[in-house]
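Colleague: Chains as they are written, first to last, in our numbering: chain V, 20 to 359; chain F, -11 to 259. Even glycine gets a Cβ: it sits at the ideal position worked out from N, Cα and C. Shown below is the structure under consideration.
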Amino acid sequence: MKKFWITLILVVIVIIVTIVAIPKKKVLYIYNWEEYIPQEVIESFEKEYNCTVVYDSFASNEEMYAKIKAGGSGYDIVFPSGDHVSIMKKEGMLLKLDLSKIPNFKYLDENVLNKTTYDPNHEYSVPYMLGSTGICVNKKYVKDYKHSWSIYEDERLKGHMTLLDDMREVLGGALKYLGYSVNTTNPDEIEQAKNLVLKWKQNIVKFDASSYANGIVNGEYWVVHGYAEDIFQRVPEGEEENYDFFIPEEGGTLWIDNMVILKDAKHVDLAYKFINHILDPKNAALIADFLGLPSPNVEARKYITTEPIYTIEELKNCEFIEDVGEYIDLYNKAWQEIIM
Amino acid sequence: MKYITAYTLWLVVFFVIPLIIILSFSFLEKTPYGGVNFSFSLEGYKSLLTIGYLRILWRTVWISIISTFITIIFALPTAYYIAKSKFKNFLLLLVVIPFWTNSLIRIYAWIFVLGNNGIINQFLKLIGLVDSHIQFLYNPWAVILVIVYTYLPYAIIPLYAAIERLDNSIFEAALDLGCSKRKAFFKVLIPNIKAGLVASIIFVLIPAMGSYAIPDLVGGVNSKMIGNEIARQLTTAKNWPAASAISSILTLITLLGVIIFVKSSKKEVLN
């Protein structure tokens, strides 16, 4: 037994010494969507400021929010979408930003800045990317279709389609198709949207937010509802023209992902520098090229080499998903009846 | 006593305390954006009194029970064969080999094999048996298949341990005394490996009840299980008391099930 204790104590000592003795580089903890910043942009930041960046990823705003709300996340910068910026702001989870520490903020597109109704004066958030959730069709299998939500009513495609496993996105699409606002608080409109989604449900394979992108690329699904950048990162080179990503003519949902600093962040200075680094036009161009999305950074558009999957102009019919406060229970109830 | 101190400590820190936290959260009031107010409320439980929850709970129970039953049916002969084989160690190694691969990857592999555009469907199309495809996945039976596949090793190992200890001569005695083979199986083998059988059933049934990734990936529009609902309440619905209430009920059901099961099987052994 004595031997055991001696070994245990020795092991503990070794671990402590290693932790203490390792030269301390500053570390920046980022919590972001999967594959959302190209590696080279992170590496150039690490080199410039002699620090380490830890990049953890989440698959949905809700997952991110639950983890941070539960406390002790330890992250410095997080990338929530607009509705969750508004929630996190209300819950007092965000640090009030000092924009003078982010000189590159001036490069951001006025048109984008005007759309951030969740944080109109940019006191807490800086836009990172914007885009729309849309529908992607694999043209190898589907030849004749309309750029409309009505594709989900097409019985010939039964068993080959997916919708996102996301309450606001799916109900939002249905609301748009019916000609209503995606942020409606009218119970009757939500009821109609619910009935429409129940009809779509008969034609889809599943509500899928985790494997739809792989699914459409390997032929498992023919029509998916989701994010363009997720899909096109997986499409093999040279096959891009087989995939038609479109924003339905009735319109869809719009999102802006933002950079925010958490109130209990430990590396605030480094966090400011990182946000500024991301807004540097050359880096912003690398990011837009990597994701295939239009850049909200005006200056960056000079450096962009690939054509985005859609342009900011094409998003005119789309509408932001906003935080609807307690009316969210109407959505929760409708969604529960859809999926259970 | 001191040998189990470490384990007791482990259980208290990582099991008992979290369980108490979950249980207490389930009796608190929800706030609109997640989190709880520290005042007593039964809303978390009341919100579960809908037909939808009954349906999802019932689905979880029947999927788990059928999966466990099928798993044991496969595990019993396998364990028997391994225990009586000359190459025990090698065969046991084969049983645990799947653990070398991450379980998510193994679930995705099923999509690759059975998917609409998977190997089997491509083969069927090649020989002209089907025009487009047969949809094997995205229904509760696919969930059962993958649960059986995932938890089979957990069932084989305790059964193997139980059978391996048995003396071959008890079977010889039974057969010599005029027992039929089938009778020897039910009257001699099964009662003698009861403890292993109970362990196997528990090892499969409990994780199956809490399945999350399997119904999420190979399930369809109507195969969500209670684990998926807990996650949804915690994240999308931002209703922490409801999420805690479902977790508490799930824990209670499994706990009660295990206690009743273990007690009744002990009695039978004594008889």
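1) Does the beta carbon of Asn25/F come closer than 8 Å to any beta carbon on chain V?
2) Just the C-alpha distance for Glu31/F and Pro20/F, rounded to the nearest angstrom, thanks.
3) Contact criterion: CB-CB distance below 8 Å. Does Val118/F meet it with respect to chain V?
4) Is Tyr84/V close to chain F? Criterion is C-beta to C-beta, closer than 8 Å.
5) Applying the criterion that 16 or more other CB atoms from any shown protein chain within 10 Å of the CB defines a buried residue, is Tyr69/F buried or exposed?
6) Exposed or buried, what is Trp361/V when buried is set at 16 or more other beta-carbons lying within 10 Å of its beta-carbon?
7) Is the distance from the Cβ of Cys70/V to the Cβ of Lys45/V below 8 Å?
8) Buried or exposed: Asp163/V, going by 16 or more other Cβ atoms within 10 Å of its Cβ?
9) For Ser79/V, go through chain F and note every residue whose CB falls closer than 7 Å to its CB, in chain order.
10) So does the region 100 to 118 of chain V actually touch the region 126 to 146 of chain V, counting three or more Cβ pairs closer than 8 Å?
11) Use the C-beta contact count for Tyr(-9)/F: other C-beta atoms within 10 angstroms, 16 or more gives buried, fewer gives exposed.
12) Where Lys120/V and Val136/F are concerned, what is the direct C-alpha to C-alpha distance, given to the nearest angstrom?
13) Mind checking whether Asn180/F and Leu154/F have CB atoms under 8 Å apart?
14) I want to verify the contact list: residues of chain F whose CB lies under 8 Å from the CB of Phe226/V, in sequence order.
15) Could you name the residues of chain V that Leu205/F contacts, counting a contact when the two beta carbons are closer than 8 Å?
16) Does the region 51 to 69 of chain F touch the region 127 to 146 of chain F, meaning 3 or more C-beta pairs lie closer than 8 Å?
17) Compare the Cα-Cα distances from Cys155/V to each of Ala247/V, Asn214/V, Pro99/V and report the closest residue.
18) Can you tell me whether Tyr74/V is helix, strand or coil according to DSSP?
19) Residue ranges of each alpha helix (DSSP H) run of no fewer than 4 residues wholly in the region 80 to 138 of chain V, ordered along the chain?
20) Could you check which residue in Leu177/F, Ile158/F, Asn104/F, Leu117/F has the C-alpha nearest to that of Met180/V?
21) Taking 8 Å as the threshold, find out whether the region 178 to 193 of chain V comes into contact with the region 206 to 219 of chain V through three or more Cβ pairs.
22) Closest to Ser29/F by C-alpha separation, out of Val250/F, Val4/F, Leu16/F, Ser35/F, would be which residue?
23) Rounded to whole angstroms, how far is the Cβ of Leu362/V from the Cβ of Val72/V, which I believe are closer than 8 Å?
24) Counting only C-beta atoms, is Tyr200/F closer than 8 Å to chain V at any point?
25) Does the Cβ-Cβ distance between His366/V and Asp117/V come in under 8 Å?
26) Using a C-beta cutoff of 8 Å, does Gln355/V count as contacting chain F?
27) For Ser151/V, which residues does DSSP report across the bridge?
28) On the CB-based measure, 16 or more other CB atoms within 10 Å of its CB, does Phe339/V come out buried or exposed?
29) So, does the region 188 to 203 of chain F touch the region 171 to 179 of chain F, judging by three or more C-beta pairs under 8 Å?
30) If you pair each beta-carbon of the region 338 to 353 of chain V with each one of the region 288 to 305 of chain V, do three or more pairs fall below 8 Å?
31) Measure the C-alpha to C-alpha separation of Ile5/F and Leu11/F and round it to an integer number of angstroms.
32) For a cutoff of 8 Å on Cβ pairs, would you count Arg170/F as touching chain V?
33) Between the beta-carbon of Asn222/V and the beta-carbon of Pro99/V, is there less than 8 Å?
34) Taking just the CA atoms, how far does Tyr171/V sit from Glu268/V?
35) On the DSSP bridge list, what partners appear for Val145/V?
36) What separation, rounded to the nearest whole angstrom, lies between the Cα atoms of Glu62/V and Ile297/V?
Modeller: The relevant details are as follows:
1) no
2) 13 Å
3) no
4) yes
5) exposed
6) Any property of residue 361/V remains undetermined from this structure, which presents chain V solely from 20 to 359.
7) yes
8) exposed
9) Thr223
10) yes
11) exposed
12) 56 Å
13) yes
14) Val209
15) Ser229, Ser230
16) yes
17) Ala247/V
18) strand
19) 80 to 88, 101 to 109, 129 to 132
20) Asn104/F
21) yes
22) Leu16/F
23) Residue 362/V lies beyond the stretch modelled for chain V, which goes from 20 to 359, so this question has no answer here.
24) no
25) Any question about residue 366/V goes unanswered here, given that chain V covers just 20 to 359.
26) yes
27) Leu273/V
28) buried
29) no
30) no
31) 10 Å
32) no
33) no
34) 14 Å
35) Met278/V
36) 12 Å
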